[in-house]
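Accompanying notes for the structure given below.
Protein chains: 2
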Amino acid sequence: MRLATLLGPDLKALLEDPAALREAFEDFHAEDVAELLDDLPEEQVVELLDALPIDIGADVLERLSADRQRIVLRRTERPTELLTEMDPDDRADILDELEEPEAQALLEQLEPEIIEETQELLGYENDTAGGIMTTEYARLEPELGAGAAIEELRRLAREGEAETIYHIYVVGYGKLVGVVSLRELILADTETPIAEIMTEKVVSVSPADDQEEVARIIARYDLTAVPVVNDHGEMLGVVTIDDVVDVVIDEATEDAQKMGGVVPLEESYFDTGIVEFVWKRGAWLVVLFLGQLLTATVIEKNQDALAATMELALFIPLIIASGGNAGSQSATLIIRAMAVGEAKPKDWLRVFGRELLVGLALGLALGCMGFGRAWFAGESVSAFGLAFAVGSSILAIVTLSTVIGSLLPMLIRRLGLDPAVSSTPFIASVVDVLGLIVYFTVAQLILHSVF
Amino acid sequence: MRLATLLGPDLKALLEDPAALREAFEDFHAEDVAELLDDLPEEQVVELLDALPIDIGADVLERLSADRQRIVLRRTERPTELLTEMDPDDRADILDELEEPEAQALLEQLEPEIIEETQELLGYENDTAGGIMTTEYARLEPELGAGAAIEELRRLAREGEAETIYHIYVVGYGKLVGVVSLRELILADTETPIAEIMTEKVVSVSPADDQEEVARIIARYDLTAVPVVNDHGEMLGVVTIDDVVDVVIDEATEDAQKMGGVVPLEESYFDTGIVEFVWKRGAWLVVLFLGQLLTATVIEKNQDALAATMELALFIPLIIASGGNAGSQSATLIIRAMAVGEAKPKDWLRVFGRELLVGLALGLALGCMGFGRAWFAGESVSAFGLAFAVGSSILAIVTLSTVIGSLLPMLIRRLGLDPAVSSTPFIASVVDVLGLIVYFTVAQLILHSVF
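Chains as they are written, first to last, in our numbering: chain E, 18 to 468; chain R, 18 to 468.
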């Protein structure tokens, strides 16, 4: 049975029969149900969520779009039950989407223990380890025997008090002292204390660590979860790998948008309103446009040279585009290398050496091609002179752009800023202006001297 | 004790004392050891790997760079043991890095069972579900009771026959019929047969599915592993989430490089040779350069107009850059939206509508700015005429670029090609040529008519 068929004319009948409803929805993943619900009219979504068993309802609610979440929490008959049923990190996320007073009012209806837990999570920035961690994890004491530990895990799992029971954190006097896997526990002798089985070297993160850094650590060490520990060695929560996959995908999208000169979107492409869209793109376009105005000034200053040798105008786009493309390549490579930790600002000299060589090689290749094309354009000046001017300008600007394209992002990073922000169009703009200056300087030197 | 200190003068002593060596390395993660070994001289790497206990050695070997892996496999005293100890997917990967005859020779020394398993994995493309799956997973029969199942898992874990025992695949008559988690098993009554506990709706992938698609499914359904099933419903292996995190990071790097106009690098930034680097960047630069040559031709054809109104030359870079930037933004947004599954080629009409509106709004804003700047440049023609020509050209080209930038990647995708390939510079080149044509057409219409 396809999920969509459930929601046709039979929906009314289904809503009146809880058992049939549970059966109908149990077989589908909450993600699929949520996607379908995102397309239904608002009233039906609320009605349906209220009719669903509470566990399925909470699972679906956490996966709805932010808009729908707000509507459901405002109109549902059982906001408290739904919030209580959710995982702590998802509960904090959904409350974070609401207006402050509204979230506060809902929060106050929960149990004191849950309020405290949620407020703690709300205290962390969204994109930090603290912001994506869960506080429902399995923690045990080091003296416990393996057999008793499994019994305790059974209890935690039954009562839904741990998101995962496959990694158990060993906490003594409030501090994280080790980690043990369920695999190791079931392999061990039932009497062996956990302290003897656990791994003492635990890779952990701080609550303020950026989520990208957390993702990098999880990827590097092939972990499936990483504990979040504060400066005093106290354990605060766990970041699980499924949340990290989302982080990695979101960060890649954000980086791509930044590199493409767009202020990152909060929502998906189609969910972003036209006005927000214009604003997020317009901001950078205007900044870049203002920078590009310099190109007009450079040409204005060289108008006499241009009037004397009209053919120079022909190669303006070609020359600045060659520089722009070479610079974008370097910027892309180095920004990505820094993002995955392959290169650091301190490697700048090594990068400089490589890029200089690469830039010269590429500049030489393109310069020769430019020479060939310009050879056929010279009418008011010697064909060789024009060709030589165009060719050597290309060599110079491609080399320069390659070096600038790689070093500028490292400098920006070194200054503590994000190098991905609008890097490609920004570097292209810098290179456009520089390219024109180089072009006119080189051309006049050559055309006004020997030829 | 820091890891690096181990490898100073004490290394010789350490190599002669296996117990001390195991103890020294046991506390460090294989990833850290591998990183250190990547910087040591070749001889020492081989010597050290031969001295390490086989399980640690195999763990470290699979994490070395491809170069080092080849060297170790050629010179180690125990290639067969190391390969046998590795996880099947890692074993296939490392053999894939060797020359065909060399890999074949090594493969033949393994046990028949392992040879078969490895050859099966080698048969899949590297970047497909089959290429990243492991064949060591826990599979049980549906009739088994929960208690007996845990016993069987204990045996699998002890003998290292399953990479993970947290998800157990239930296979009846060779076909995948359900999945059960270790969590559910330990919660169940020991006598309950697995068939009664398992989930029958299993999300699975085909062996030929692209690894990016696998990552998308795992992220969407918050899975930690996904079974690989062929057309006949037979289970072939499992892709685990830790491999998927690597896939997502690698794909993001690859996409960024493609979008920046670089043929994706196989190795990291610093590990890529200069010649390969020049080649991978030069290929696209030359193609783009050839396209850009058209700009010279367009200007050549309009040389008379330019000679009549020299001020037109001033705004050539500004106009084509505005189009290029707007086009890159659209391309970036839509390519990323397609990559994460938010937009599909069939949505083109909806995208067209949005981008047309956005393009007009952005074009109007930039056009007004351009109008203002050009107002002050008109000397040989009326200031208003020039300003109007520049402003309306910008409006036209920004709108056009915005629409082209979003639709072209969808068309490329529709044709079955990868839209990320060189998209930004490619679209910028197309837009440069179009921009010039629009500019000269609009400018001549306006300047030669009313003003």
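Backbone N, C-alpha and C define an ideal beta-carbon position, used for all residues, glycine too.
Under 7 Å (Cβ pairs) to chain E, residues found in the region 49 to 80 of chain R: none
Closer than 8 Å to chain R by CB, Met427(E): no
Between the CA atoms of Val188(R) and Glu158(R) - distance to the nearest angstrom: 6 Å
Euclidean distance between Cα positions of Pro362(R) and Val279(E): 22 Å
Closer than 9 Å at the beta carbon, the chain E residues around Ser446(R): Chain E residues near Ser446(R): Ala338, Asn342.
Those runs of the alpha helix (DSSP H) which lie wholly inside the region 281 to 319 of chain E and span at least 4 residues: 291 to 318
Interface positions of the region 308 to 338 of chain E facing chain R (Cβ-Cβ less than 7 Å), listed along the chain: Gln309, Leu310, Thr312, Ala313, Ile316, Glu317, Gln320, Leu323, Ala324, Met327, Ala330, Leu331, Phe332, Ile333, Pro334, Leu335, Ile337, Ala338
Sequence-distant residues of the same chain with beta carbon closer than 6 Å to Glu130(E), five excluded per side: none
Span separating the alpha-carbon of Gly250(R) from that of Thr152(R): 16 Å
First through last residue of the beta strand (DSSP E) which encompasses Val188(E): 184 to 189
Listed by chain order, chain R residues near Pro442(E) by CB distance under 7 Å: Asn342, Ser345
Simplified DSSP assignment, three categories, for Lys218(E): Here Lys218(E) sits in coil by DSSP.
Beta-ladder partner(s) of Arg156(E), from DSSP: Tyr186(E)
The region 380 to 399 of chain E in contact with the region 330 to 338 of chain E per 3-pair CB rule at 8 Å: yes
Proximity test, Cβ basis, 8 Å: Ser498(R) and chain E: Outside the shown range of chain R (18 to 468) lies residue 498(R), about which nothing can therefore be said.
Ordered list of alpha helix (DSSP H) runs contained in the region 129 to 177 of chain R, each at least 4 residues: 129 to 139, 146 to 149, 163 to 175
Three-pair Cβ contact test at 8 Å for the region 355 to 370 of chain R versus the region 273 to 289 of chain E: Proximity of the region 355 to 370 of chain R to the region 273 to 289 of chain E meets the contact definition, three or more beta-carbon pairs being nearer than 8 Å.
Span of the alpha helix (DSSP H) around Leu451(R): 440 to 464
Contact set between the region 103 to 117 of chain E and chain R, restricted to residues whose Cβ is under 9 Å from the partner: none
Residues of its chain near Asn247(R), where Cβ-Cβ distance is below 8 Å and the 5 sequence neighbours each way are ignored: Ser223, Pro224, Leu253
Segments of 4+ residues assigned as alpha helix (DSSP H) that fall wholly inside the region 64 to 117 of chain R: 71 to 78, 83 to 92, 96 to 102, 105 to 114
Test: Ile258(E) CB closer than 8 Å to a CB of chain B: Of the chains in the structure shown, none is chain B; the protein chains are E and R.
Host alpha helix (DSSP H) of Val265(R) (start-end): 258 to 276
Reference Gly74(R), options Glu98(R), Ala325(R), Glu59(R), Pro58(R), closest by Cα: Closest option to Gly74(R), Cα to Cα, is Glu98(R).
Own chain, CB closer than 7 Å to Tyr141(E), minus 5 neighbours either side, in chain order: Gly147, Gly148, Pro224
CB contact check: Leu462(R) to chain E, cutoff 8 Å: no
Spatial distance of Phe401(E) from Pro442(R) (CA atoms): 30 Å
Ser526(E): first and last residue of the uninterrupted beta strand (DSSP E) it sits in: A question about residue 526(E) goes unanswered here, because the residues of chain E that appear run from 18 up to 468.
CB contact below 8 Å: Val150(E) versus chain R: Reading off the sequence, residue 150(E) comes out as Met, not Val. No, because no Cβ of chain R sits closer than 8 Å to the Cβ of Met150(E).
Selection from Gly299(R), Ala325(R), Asp239(R), Glu372(R) that minimises the alpha carbon distance to Leu374(E): Distance from the Cα of Leu374(E) is smallest, within the candidate group Gly299(R), Ala325(R), Asp239(R), Glu372(R), for Gly299(R).
CA-to-CA distance, Ser446(E) to Tyr456(E), given in whole angstroms: 15 Å
Pairwise C-alpha distance: Ser82(R) and Ile235(E): 19 Å
Short CB-CB distance (under 8 Å) between Met18(E) and chain R: Note that Met18(E) scores a pLDDT of 42, beneath 50, so its modelled location is shaky; the value from the coordinates is reported in the next line. The beta carbon of Met18(E) sits no closer than 8 Å to any beta carbon of chain R.
Pairwise C-alpha distance: Arg171(E) and Arg200(R): 8 Å
For Leu451(R) and Leu412(R), believed in contact at Cβ under 8 Å, the rounded distance: About 14 Å; that fails the 8 Å criterion.
Ser399(E) burial status per 10 Å Cβ neighbour count (16 or more: buried): exposed
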